[in-house]
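**Student:** Using the working numbering, read the sequence shown as starting at 1 and increasing by one per residue. Glycine is no exception: its CB is placed at the ideal position from the N, C-alpha and C atoms. Just so we're clear, the structure is a prediction, and the values are computed from it rather than from any experiment. This structure is in structure tokens; I'll ask about it shortly.
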Amino acid sequence: MGLYLVAVVVAVVVAWTAGDLGVLWRLTVFTGVREVAVTWPNVIMLALAGVLWAWALWQGLRGPLAGPSPTLDRDERRLRLALYATAVTWPLYFLVPSWTWWMAVLDSALMVAVVWSFQPVLTRNLKAVDHLWTLGVMGYGGAIVAETLDFFGPGAPGEIETIYGLTALVWTVLVLRAQRMDGRWRLTTVLYGVAALLLPALVPLSRLFTDGEAVYGVLAAAEAVNMVWLIRSAHDLADPRPTDDPVDLLTVSQEGA
Numbered sequence: 001m002g003l004y005l006v007a008v009v010v011a012v013v014v015a016w017t018a019g020d021l022g023v024l025w026r027l028t029v030f031t032g033v034r035e036v037a038v039t040w041p042n043v044i045m046l047a048l049a050g051v052l053w054a055w056a057l058w059q060g061l062r063g064p065l066a067g068p069s070p071t072l073d074r075d076e077r078r079l080r081l082a083l084y085a086t087a088v089t090w091p092l093y094f095l096v097p098s099w100t101w102w103m104a105v106l107d108s109a110l111m112v113a114v115v116w117s118f119q120p121v122l123t124r125n126l127k128a129v130d131h132l133w134t135l136g137v138m139g140y141g142g143a144i145v146a147e148t149l150d151f152f153g154p155g156a157p158g159e160i161e162t163i164y165g166l167t168a169l170v171w172t173v174l175v176l177r178a179q180r181m182d183g184r185w186r187l188t189t190v191l192y193g194v195a196a197l198l199l200p201a202l203v204p205l206s207r208l209f210t211d212g213e214a215v216y217g218v219l220a221a222a223e224a225v226n227m228v229w230l231i232r233s234a235h236d237l238a239d240p241r242p243t244d245d246p247v248d249l250l251t252v253s254q255e256g257a
């Protein structure tokens, strides 16, 4: 993490002194370098994305909190594995020269595994999310279909992209709500997930006050925060708790009403 932060700082200095955003872009956006003007909004947004990527790396390396871990069943272990596998792919993308269709397909396929693994862990205590699996598969499975059609065929209709984007968004909102009502995840973890959802909303704002290229820094920052949410969701399952059994907060609140 420290080496990455140093590299980001050096890249910021290079951007201002040499007028070249190439190194900073590669370190934070993980794609082929574009012709981007060296303006303070562009540099600030890319530098912020770099700080968030460093924070995500630290979250992954620190592991769960020290102390006796709870006994995890098969579904919980499977969910942790899926979450970690999805998060760990992002640093690997740095080694690829540019973002390609198969990377998008791989990322969506791993999220389908997360969707599949979340379902039995959440619905055992929260029956209101019985349709999570359908929404998640429609969302991330639709992204796989769209990316494949774009590469091998005439391209996916715009309606498909709208549908899978909205269903993936609804899935994420419902998962965050379920995590908040479940005793196994901390509020901070849920807030990271909320932040990852809200950051892309800054894209239109960035286009109003910048040359439009700062949008890539905003999206990179959102991806970094999303990786923190994935990692912390996995960590929290193995963090020490007062009891090995998750508290059914929804049932408790209903009984007290």
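Would you check if the segment 222-240 and the segment 83-99 touch, i.e. whether three or more CB-CB distances between them fall below 8 Å?
**Tutor:** Counting Cβ pairs under 8 Å, three or more are found: they touch.
**Student:** As a quick exercise: from Tyr192, Leu219 and Ala54, pick the residue whose alpha carbon is nearest that of leucine 202.
**Tutor:** Within the sequence shown, numbered from 1, the residue matching residue 202 stands at position 202. Nearest Cα to leucine 202 within the set Tyr192, Leu219 and Ala54: Leu219.
**Student:** Tell me whether the beta-carbon of tyrosine 4 lies closer than 8 Å to the beta-carbon of alanine 37.
**Tutor:** One-based indexing of the sequence shown puts residue 4 at position 4. One-based indexing of the sequence shown puts residue 37 at position 37. Cβ atoms of tyrosine 4 and alanine 37: not closer than 8 Å.
**Student:** Is valine 12 near the ligand NAD, with its Cβ less than 7 Å from a heavy atom?
**Tutor:** Absence of the ligand NAD from the depicted structure is noted, as is the absence of any ligand whatsoever, leaving it without description.
**Student:** Could you name each continuous alpha helix (DSSP H) segment of 4 residues or more that falls completely within the segment 168-239, going from the start of the chain to the end?
**Tutor:** 187-198, 203-209 and 215-238
**Student:** Can you tell me which of the three DSSP states valine 38 falls into?
**Tutor:** Here the question's residue 38 lines up with position 38 in the sequence shown. Coil, per DSSP.
**Student:** To the nearest angstrom, how far is the alpha carbon of leucine 24 from that of alanine 104?
**Tutor:** Position 24 of the sequence shown, counted from the first residue, corresponds to residue 24. Position 104 of the sequence shown, counted from the first residue, corresponds to residue 104. Approximately 22 Å between the Cα atoms of the pair.
**Student:** Who are the Cβ neighbours of leucine 135 in its own chain at under 6 Å, not counting the five residues just before and after it?
**Tutor:** As a first step, residue 135 must be located in the sequence shown, where it is residue number 135. So the qualifying residues of the chain are Thr167, Val170 and Trp171.
**Student:** Rounded to whole angstroms, what is the Cα-Cα separation between methionine 1 and proline 41?
**Tutor:** Stepping through the sequence shown from its first residue, residue 1 is reached at position 1. Stepping through the sequence shown from its first residue, residue 41 is reached at position 41. Straight-line Cα distance between these residues: approximately 24 Å.
**Student:** Taking only the alpha-carbon atoms, compute the straight-line gap between glycine 193 and alanine 18 and give it to the nearest angstrom.
**Tutor:** On the sequence shown, residue 193 is found 193 positions in, with the first residue counted as 1. On the sequence shown, residue 18 is found 18 positions in, with the first residue counted as 1. Rounded to whole angstroms, glycine 193 to alanine 18 spans 37 Å at the Cα level.
**Student:** Nearest to alanine 56 by CA position, among Ile44, Ala66, Asp73 and Val88, is which residue?
**Tutor:** Working through the sequence shown from its first residue, we reach residue 56 at position 56. The candidate whose alpha carbon is nearest that of alanine 56 is Val88.
**Student:** What are the boundary residues of the alpha helix (DSSP H) that serine 117 is part of?
**Tutor:** Sequence index remark: in the sequence shown, residue 117 carries index 117 (1-based). Its alpha helix (DSSP H) spans residues 101-123.
**Student:** So, under 8 Å CB-CB, serine 117 and leucine 72 are touching, yes? Tell me the CB distance rounded to an integer number of Å.
**Tutor:** Along the sequence shown, read from residue 1 onward, the residue named residue 117 stands at position 117. Along the sequence shown, read from residue 1 onward, the residue named residue 72 stands at position 72. Actually they are not in contact, since the Cβ atoms of serine 117 and leucine 72 sit about 12 Å apart, beyond 8 Å.
**Student:** Given a threshold of 16 other Cβ atoms within 10 Å of its Cβ, counted over all protein chains shown, does glycine 60 qualify as buried or as exposed?
**Tutor:** For the purposes of this step, residue 60 is taken as residue 60 along the sequence shown, with counting starting at 1. Glycine 60 comes out buried.
**Student:** Could you say which of Pro154, Arg74, Arg184 and Val12 lies nearest to leucine 46 if we only look at CA atoms?
**Tutor:** Position 46 of the sequence shown holds residue 46. Closest by alpha carbon: Val12.
**Student:** Using alpha carbons as the reference points, say which of Val51, Glu35, Thr39 and Trp16 lies closest to leucine 27.
**Tutor:** Position 27 of the sequence shown, counted from the first residue, corresponds to residue 27. The candidate whose alpha carbon is nearest that of leucine 27 is Val51.
**Student:** Looking at the secondary structure, which residues open and close the alpha helix (DSSP H) in which threonine 86 lies?
**Tutor:** Along the sequence shown, one-based indexing puts residue 86 at 86. 74-93 is the span of the alpha helix (DSSP H), which, as asked, contains threonine 86.
**Student:** From the DSSP output, in three-state form, read off glycine 22 for me.
**Tutor:** Translated into the one-based positions of the sequence shown, residue 22 becomes position 22. Residue state, collapsed to three classes: helix.
**Student:** With H, G and I counted as helix, E and B as strand and the rest as coil, what does DSSP make of aspartate 248?
**Tutor:** Within the sequence shown, numbered from 1, the residue matching residue 248 stands at position 248. Note that aspartate 248 scores a pLDDT of 44, beneath 50, so its modelled location is shaky; the value from the coordinates is reported in the next line. Reduced to three states, the DSSP call for aspartate 248 is strand.
**Student:** Beta carbon of valine 145, beta carbon of valine 112: below 8 Å?
**Tutor:** The residue given as residue 145 occupies position 145 in the sequence shown. The residue given as residue 112 occupies position 112 in the sequence shown. Their beta carbons are not under 8 Å apart, which means valine 145 does not touch valine 112 by this criterion.
**Student:** With a threshold of 7 Å on Cβ separation, who are the neighbours of tyrosine 164 within its own chain once the five nearest residues in sequence on each side are excluded?
**Tutor:** Position 164 of the sequence shown, counting from 1, holds the residue named residue 164. The answer, listed in chain order, is Met138, Gly139, Gly142, Ala143 and Ala146.
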